[in-house]
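Colleague: Protein chains in written order, with our numbering: chain L, -10 to 340; chain G, 606 to 785.
Beta carbons are placed, not taken as given, at the ideal position from N, Cα and C, and that holds for glycine.
All values derive from a computational prediction rather than experimental measurement.
Pasting in a structure now, in structure tokens, and then I'll have a few things to ask.
Take a look at the structure:
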């Protein structure tokens, strides 16, 4: 009997120690350093489209492992939610890369995580404490980051706040005032650290440090030009500056096409029916299927409101606003494409 | 005698109906001869035009997408069934898995019903799209050829003299010409 009690106490102690150890491990997942190019895919499948490529030396946080795949996050990500993942990688691919360099150990990853966290929180605390002030000439604030995809800048730190402008993939911006997973976004040349001078707010996970950005850089341009859509309207966006300076791209080759929202409509009689968002992309020819899949995914990310089942319908330039859409996409809750189809018939009749 | 509202209205309108019939009977034969009637078979327009073929290909792609979803869902149901029927499960575990299976099977049935409804709706949309394009051709043909009416519903037509009234081929040719 005494032995049984002793064993029970020992077991309890062991469990408590493990729990304490776990509690001390404040982070989650594991941080890996890619030693070569690793493709991040939209879904945990070889057939899924590549959403980005990890560069040599790039750190990522990895979690939600399943069937040899794992979700990839920004190393500074604090919220463990699969919906915040950048995509999925084959663990073997990432591990084989990591073995070439010293394999990341749990404690080293924790250290990285801690340093990332402490750095971030220090910045945000500083940001919170420091009153807006004019920086000295040449003195810079925050950091330069690059949008790794087309993303929305919003009026507040929430997806439901007003859309302010669209940031094209590869666009450099200055970020600061990090809070709740959102950065205040400034012109990269901004010298005054004042929230009033910010363009708006953007999700941190889409803004990667310049050195980690693996995509095509976008030519530097002033705030009102380049590929950034500054207005969202029912009519096709026409900014003379933009049309003059924006490189003529063929949508068939590119997934960085600007769009304007034509309408957003829910069905009051069918509350479970999706909200339909109709957008017109600035392309007169149909993009390739892969590019179109990326485009709808980015639009969904930028336009979806909390808890909304959003169906994205894409029209091309010159198509009837109220007519049949060219492409339609529906999504899972976590942003993966659920259904995607397109209608070649709407391209046929020449007007 | 009890009179229904319908029979009252019949009595009221009977003189009017006779008057209309008289007008038709007394109308000059030349005027009646000009009132040509045409017919177009929408299904043939779809089958025999490039626009229609494209719409059919679009529908086939849509159906394939819906089939993919249905297959995924069916595979999930099959996995859950296998898990629920596995040997050596505790009664609690078995109940839990059977509950899961029931829920998933119900969702699967709902998905199949939704898919069927969605496919029908998409088919209608595509057919309407093609027919709307055909309408412009019909209008032009009607005006040029002096047609007063062109039917597009095969169910409403008992007999069609193909040589003189069936405009399907002409519409298809014209539509193909416009969508080159």
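For residue 265 of chain L, does the three-state DSSP call read helix, strand or coil?
Modeller: In the first chain, residue 265 of chain L corresponds to position 276, counting from 1. Three-state DSSP puts residue 265 of chain L in a strand.
Colleague: Anything in chain L within Cβ reach of residue 709 of chain G, meaning under 7 Å, just list it in chain order.
Modeller: Residue mapping note: residue 709 of chain G aligns to position 104 of the second chain, counting from 1. Neighbours of residue 709 of chain G on chain L: none; closest Cβ ~16 Å, over 7 Å.
Colleague: Taking C-beta pairs closer than 7 Å, name the residues in chain G that residue 330 of chain L reaches, listed in chain order.
Modeller: Mapped onto the first chain, residue 330 of chain L falls at position 341. Ordered by position in chain G, the residues that pass the 7 Å Cβ test against residue 330 of chain L are 666, 667, 670.
Colleague: Within 7 Å (strictly less), CB to CB, does residue 771 of chain G reach chain L?
Modeller: Numbered from its first residue, the second chain carries residue 771 of chain G at position 166. Judged by the 7 Å Cβ criterion, residue 771 of chain G is not in contact with chain L.
Colleague: In the DSSP assignment, the beta strand (DSSP E) including residue 352 of chain L goes from what residue to what residue?
Modeller: No information on residue 352 of chain L is available, as it lies outside the stretch -10 to 340 that chain L covers here.
Colleague: Strictly by DSSP, which residues pair up with residue 771 of chain G?
Modeller: The sequence position of residue 771 of chain G within the second chain is 166, counting from 1. According to DSSP, which records beta bridges pairwise, residue 771 of chain G is partnered with G:644.
Colleague: Straight-line CA distance for residue 37 of chain L to residue 138 of chain L?
Modeller: Counting from one through the first chain, the residue named residue 37 of chain L turns up at place 48. Counting from one through the first chain, the residue named residue 138 of chain L turns up at place 149. Taking the straight line joining both Cα atoms gives about 17 Å.
Colleague: Is it buried or exposed for residue 190 of chain L, if we count other Cβ within 10 angstroms and need 16 for buried?
Modeller: Numbered from 1 along the first chain, position 201 holds the residue referred to as residue 190 of chain L. With 16 or more other Cβ atoms within 10 Å, it is buried.
Colleague: Which residues in the same chain have their Cβ closer than 6 Å to the Cβ of residue 643 of chain G, if we skip the five residues on either side of it in sequence?
Modeller: Here residue 643 of chain G corresponds to residue number 38 of the second chain, with the count starting at 1. For residue 643 of chain G, where only same-chain residues beyond five positions count, the Cβ hits under 6 Å are 752, 755, 770, 772.
Colleague: I think residue 731 of chain G touches residue 776 of chain G, with their Cβ atoms under 8 Å apart; what is that distance to the nearest whole Å?
Modeller: Taking the second chain and counting its residues from 1, the one referred to as residue 731 of chain G is at position 126. Taking the second chain and counting its residues from 1, the one referred to as residue 776 of chain G is at position 171. With 8 Å as the limit, residue 731 of chain G and residue 776 of chain G do not qualify as a contact, their Cβ atoms being about 17 Å apart.
Colleague: What would DSSP say about residue 28 of chain L, mapped onto helix, strand or coil?
Modeller: By one-based count along the first chain, residue 28 of chain L stands at place 39. Correct three-state label for residue 28 of chain L: strand.
Colleague: In angstroms with no decimal places, state the Cα-to-Cα distance between residue 722 of chain G and residue 267 of chain L.
Modeller: Counting from 1 along the second chain, the entry for residue 722 of chain G is found at position 117. Counting from 1 along the first chain, the entry for residue 267 of chain L is found at position 278. Each residue's Cα considered, the two are about 22 Å apart.
Colleague: What residues are listed by DSSP as bridge partners for residue 299 of chain L?
Modeller: Counting from one through the first chain, the residue named residue 299 of chain L turns up at place 310. Answer is L:264, bridged to residue 299 of chain L.
Colleague: Quick one: Cα of residue 678 of chain G to Cα of residue 762 of chain G, how far?
Modeller: In the second chain, the residue the question calls residue 678 of chain G occupies position 73. In the second chain, the residue the question calls residue 762 of chain G occupies position 157. Distance between the alpha carbons of residue 678 of chain G and residue 762 of chain G: 44 Å.
Colleague: Give me the chain L residues within the contact set of residue 730 of chain G, using Cβ-Cβ distance strictly less than 7 Å, ordered along the chain.
Modeller: Here the question's residue 730 of chain G lines up with position 125 in the second chain. Within chain L, the residues near residue 730 of chain G are 313.
Colleague: What residues of chain L sit near residue 659 of chain G, judged by a beta carbon separation below 7 Å?
Modeller: On the second chain, residue 659 of chain G is found 54 positions in, with the first residue counted as 1. Simply 333, 334, 337.
Colleague: For chain L, check one thing: does any of its Cβ atoms lie closer than 7 Å to the Cβ of residue 784 of chain G?
Modeller: As a working mapping, residue 784 of chain G is identified with position 179 in the second chain. Yes, because at least one Cβ of chain L sits closer than 7 Å to the Cβ of residue 784 of chain G.
Colleague: Between residue 705 of chain G and chain L, is there a C-beta pair that is closer than 7 Å?
Modeller: To locate residue 705 of chain G, count along the second chain from 1; it is residue 100. Chain L, which has no Cβ nearer than 7 Å to the Cβ of residue 705 of chain G, makes this no.
Colleague: Grab me the residues of residue 744 of chain G's own chain with a C-beta within less than 7 Å of its C-beta, minus the 5 sequence neighbours each way, in chain order.
Modeller: What you label residue 744 of chain G is simply residue 139 of the second chain in a count that begins at 1. Nothing listed; no residue qualifies.
Colleague: Classify residue 249 of chain L as helix, strand or coil using the three-state DSSP reduction.
Modeller: The residue labelled residue 249 of chain L in the question sits at position 260 within the first chain. Note: residue 249 of chain L maps to strand in three-state DSSP.
Colleague: From residue 729 of chain G to residue 780 of chain G, what does the alpha carbon distance come to, in whole angstroms?
Modeller: Along the second chain, one-based indexing puts residue 729 of chain G at 124. Along the second chain, one-based indexing puts residue 780 of chain G at 175. Computed Cα separation, rounded: 19 Å.
Colleague: Near residue 92 of chain L, what residues of its chain come up, given a Cβ to Cβ distance below 7 Å and the 5 sequence neighbours on each side ignored?
Modeller: Within the first chain, numbered from 1, the residue matching residue 92 of chain L stands at position 103. Because the pLDDT at residue 92 of chain L is just 35, under 50, the model does not fix this residue reliably, and the point stays unresolved.
Colleague: Please classify residue 12 of chain L: does DSSP put it in a helix, a strand, or coil?
Modeller: In the first chain, the residue the question calls residue 12 of chain L occupies position 23. Residue placement at residue 12 of chain L cannot be trusted, given a pLDDT of 35 that sits under 50; the coordinates are not used to answer.
Colleague: For residue 656 of chain G, would you say it is in contact with chain L, using Cβ-to-Cβ distances shorter than 7 Å as the test?
Modeller: Numbered from 1 along the second chain, position 51 holds the residue referred to as residue 656 of chain G. So, interface residue.
Colleague: Is residue 16 of chain L near the ligand SAM - that is, is its Cβ less than 6 Å away from at least one heavy atom of it?
Modeller: With respect to small molecules bound, the structure shown includes none, and the ligand SAM cannot be examined in it.
Colleague: Checking contacts by CB at 7 Å: is residue 781 of chain G closer than that to chain L?
Modeller: Start at 1 with the first residue of the second chain, and residue 781 of chain G comes out as number 176. Not an interface residue.
Colleague: Going by DSSP in three states, residue 759 of chain G sits in which element: helix, strand or coil?
Modeller: As a working mapping, residue 759 of chain G is identified with position 154 in the second chain. Note: residue 759 of chain G maps to helix in three-state DSSP.
Colleague: Within 10 Å of its beta-carbon, does residue 646 of chain G have 16 or more other beta-carbons around it, so buried, or fewer, so exposed?
Modeller: Position 41 of the second chain, counting from 1, holds the residue named residue 646 of chain G. Buried: at least 16 other Cβ atoms inside 10 Å.
Colleague: Any idea if residue 167 of chain L is buried or exposed, counting beta-carbon neighbours within 10 angstroms, 16 or more meaning buried?
Modeller: Stepping through the first chain from its first residue, residue 167 of chain L is reached at position 178. When all chains shown are included, residue 167 of chain L counts as buried.
Colleague: Within the continuous alpha helix (DSSP H) that includes residue 258 of chain L, where are the two ends?
Modeller: Position 269 of the first chain, counted from the first residue, corresponds to residue 258 of chain L. Per DSSP, residue 258 of chain L belongs to no alpha helix (DSSP H) and is neither H nor E.
Colleague: Cβ closer than 7 Å: which chain L residues qualify as neighbours of residue 766 of chain G?
Modeller: Locating residue 766 of chain G in the second chain gives position 161, where the first residue counts as 1. Here the premise fails: no neighbours, minimum Cβ distance about 31 Å.
Colleague: Against chain L, with Cβ distances strictly below 7 Å, would residue 630 of chain G count as a contact?
Modeller: Translated into positions along the second chain, residue 630 of chain G becomes position 25. Any reading at residue 630 of chain G is ruled out, since the residue's pLDDT is 45, under 50, leaving its predicted position unreliable.
Colleague: Could you tell me how far apart the beta carbons of residue 171 of chain L and residue 149 of chain L are, in whole angstroms, since I believe they sit closer than 8 Å?
Modeller: Here residue 171 of chain L refers to the residue found at position 182 when the first chain is read from its first residue. Here residue 149 of chain L refers to the residue found at position 160 when the first chain is read from its first residue. 13 Å between Cβ atoms; not a contact.
Colleague: Quick one: which residues of the segment 720 to 746 of chain G get their C-beta closer than 8 Å to a C-beta of chain L? List them in chain order.
Modeller: Taking 8 Å as the Cβ-Cβ cut-off against chain L, the residues of the segment 720 to 746 of chain G that qualify are 730, 731, 734, 735, 738.
Colleague: I need the boundaries of the alpha helix (DSSP H) containing residue 696 of chain G, first residue and last residue.
Modeller: Numbered from 1 along the second chain, position 91 holds the residue referred to as residue 696 of chain G. Note, residue 696 of chain G: alpha helix (DSSP H), 696 to 750.
Colleague: Quick one: is residue 698 of chain G near chain L, going by C-beta distance under 7 Å?
Modeller: Residue mapping note: residue 698 of chain G aligns to position 93 of the second chain, counting from 1. It does not; no Cβ of chain L falls within 7 Å.
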